[in-house]
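Q: One structure is given below, represented as structure tokens, and several questions about it will come after.
In the working numbering, the protein residues as written are 340 to 447.
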């Protein structure tokens with residue numbers, strides 16, 4: 340999300356005012372020190388009416404979780420591939436003629 344004041348991308352430290360506007364930590368701190376109103380809508384505001392927003396997944400954490408999930412899927416596919424290769428080898432071995440006595444039939 341982009342902070343409406345400084346326009347910087349905010350990934351973790353997102354704060355919401357009582358009136359519902361979102362700011363980065365640095366801008367909300369400046370707003371509380373320098374004003375008694377929301378910088379977006381001018382609603383009366385005090386420090387108790389500002390709180391941190393906790394998103395279910397954000398930024399690096401979600402990328403890390405996504406990479407972990409992809410890695411787990413790849414490992415599962417590799418195990419499946421190994422199992423398939425074992426089955427193919429077993430079938431190939433079953434098709435090979437048995438070594439041992441050979442009976443030779445000759446026509447006159």
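Every residue, glycine too, gets a C-beta built ideally from N, C-alpha and C.
All of these numbers come straight from a predicted model, not from anything done at the bench.
Looking only at DSSP bridge pairs, what is residue 361 linked to?
A: According to DSSP, which records beta bridges pairwise, residue 361 is partnered with 355.
Q: Cβ of residue 354 within 7 angstroms of Cβ of residue 391?
A: Result yes, Cβ atoms of residue 354 and residue 391 sit closer than 7 angstroms.
Q: Helix, strand or coil: how does DSSP classify residue 367 here?
A: If DSSP states are grouped into helix, strand and coil, residue 367 belongs with the helices.
Q: By the three-class DSSP mapping on this structure, what secondary structure does residue 420 have?
A: Helix at residue 420.
Q: Shortest alpha-carbon distance to residue 373 belongs to which of 386, 409, 429?
A: Of 386, 409, 429, the residue nearest in Cα terms is 386.
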